[in-house]
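K.L.:
Each residue of the sequence shown is one higher than the one before, starting from 290 at the first, in the numbering used here. Got a structure here, written out as structure tokens. Questions coming.
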Amino acid sequence: MDAAAVIEGVALVLSNLAIVPAIVKALWLQQIPEAAVLSVVLVVSSVYHVCQAGFACVLDIEFETLQLADHFFVFSALMWIVLLFVGIELEFRVALFVWLQLLLLPLLLEFMRNEWFGPVAIGVVVVLVVLLLALVVRGVPHFNRTNMLIAAVLLAVGFALHLLAGDPLPPTRAADGGDGEPELVSQPRYSWFHVPWHVFAMAAVYFALDLHQRKGWVSRSVRRLSHHHRNDDDDNEAGGARSSERKTKTTAVAPPMHVVVSNHRTREPRYTNRASARVIQLGTNAGAARAARALVV
């Protein structure tokens, strides 16, 4: 057994777990349709890569069939996220989504027989056309620009890695007439470019889920850090001004006077400051001593 092929296959399968944070976030935001679509992508992509890596093909399904399902559900999920971004109501979103499947599925069935670039290009074109048409009809919606920028950069980097990965080799059969189990074949270029494609694309989906929220956690963190840094600068400037002011002072400032408050229960004075109370007490004792000396004389 090829150890490199095993490591590559395990990495391909486990990299699908990068979509779990997006699923959890969708559930947290109560976006049940989005959570369902992303969960389907997780299952289908994992099953496909288990077969593609040569571990096992579930229910002995052909590799080409699983590959078609993987492409179909991935691009369907991207279209659904695009419709979510545009802000179409759920009923119209479902109706438009079903009609888009009518366009996407036959094209994938036709061009999947050729190289991988055909279905990938078709899926990207369909998603972009849907986005542009929606923006023309409904106008550009309000969205979180920070999340939009992060999602766009992550998706662009991931898609570039997906193009560099190329087309995977189908799993080979044992040399017994083609009826054996699929064999593990090392494909380092495909594996180590396709794994980060999973991570970047699924991270982009995570940030795309709450594009309509004006302040995501990234925006809040950036603003909090900038505000904290600005406060530190202001404090440093204020501290420098106070220290220079103290150096220029030549006279002492007398402490403020404190009000004597009468205690109604004991009829004794109650003071708001210990120092003031001590001064008054010393004055009272001195007056009593002078009165005693006068009586003695």
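Quick reminder that beta carbons are idealized off the backbone N, C-alpha and C, glycines included.
(1) Could you tell me the alpha carbon to alpha carbon distance between F489 and D349, rounded to whole angstroms?
(2) What whole-angstrom Cβ distance do M368 and F386 have, given they're in contact under 8 angstroms?
(3) Under the three-state reduction of DSSP, which class applies to Q319: helix, strand or coil?
(4) Taking the alpha carbon of A492 as the point to measure from, which residue in S304, D456, A345 and D291 has its own alpha carbon closest?
(5) Among L318, V326 and G343, whose alpha-carbon lies nearest the alpha-carbon of F364?
(6) Taking contact to mean at least 3 C-beta pairs separated by less than 8 angstroms, is the segment 351-361 in contact with the segment 472-486?
(7) DSSP state of Q356, grouped into three classes?
(8) Quick one: residues in its chain with C-beta nearer than 7 angstroms to the C-beta of Y495, no 5 flanking neighbours on either side, listed in chain order?
(9) Specify the secondary structure class of Q341 as computed by DSSP and reduced to three states.
(10) Just to confirm the assignment, what range does the alpha helix (DSSP H) spanning P485 have?
(11) Taking the alpha carbon of P460 as the reference point, which residue from V329, T354, Q319 and I308 has its own alpha carbon closest?
(12) Look at the Cβ atom of N498, then the Cβ atom of L318, and state whether they are nearer than 8 angstroms.
(13) Given this structure, state the Cα-to-Cα distance separating L422 from L379, to the nearest angstrom.
(14) For V371, which option in V418, A342, F344 and V329 has the closest C-alpha, if you only look at C-alpha atoms?
(15) Shortest alpha-carbon distance to A345 belongs to which of A366, L500, W388 and V295?
(16) Below 8 angstroms on the Cβ atoms is my contact criterion, and I expect W486 with H451 to pass it. Report the Cβ-Cβ distance as a whole number of Å.
(17) Below 8 angstroms on the Cβ atoms is my contact criterion, and I expect V333 with F362 to pass it. Report the Cβ-Cβ distance as a whole number of Å.
(18) If the criterion is Cβ atoms closer than 8 angstroms, does the pair P457 and Q320 meet it?
(19) Do H483 and L316 have their C-beta atoms within less than 8 angstroms of each other?
(20) Assign L398 to one of two classes, buried (16 or more other C-beta atoms within 10 Å of its C-beta) or exposed (fewer than that).
(21) Would you mind reading off the limits of the alpha helix (DSSP H) that contains L306?
(22) If you check the beta carbons only, do I308 and V330 fall under 8 angstroms apart?
(23) Can you tell me the Cβ-Cβ gap for E323 and L373, rounded? I've got them flagged as a contact below 8 angstroms.
(24) Can you tell me whether V339 is buried or exposed, with buried defined as 16 or more other CB within 10 angstroms of its CB?
P.N.:
The structure says:
(1) 30 angstroms
(2) Confirmed, Cβ separation roughly 7 angstroms.
(3) coil
(4) S304
(5) V326
(6) no
(7) In this structure, Q356 counts as helix in the three-state DSSP scheme.
(8) P310, A311 and K314
(9) helix
(10) P477 to A497
(11) T354
(12) Residue 498 is actually Leu in this sequence, not Asn. Yes, these two residues count as a Cβ contact at 8 angstroms.
(13) 18 angstroms
(14) V418
(15) V295
(16) 4 angstroms
(17) 5 angstroms
(18) no
(19) No; because the gap between Cβ atoms is not below 8 angstroms, this pair is not in contact.
(20) Residue burial annotation: L398 is exposed, with fewer than 16 other C-beta atoms found within 10 angstroms of its C-beta.
(21) Segment: none, L306 is in no alpha helix (DSSP H) and carries neither H nor E.
(22) yes
(23) 6 angstroms
(24) buried
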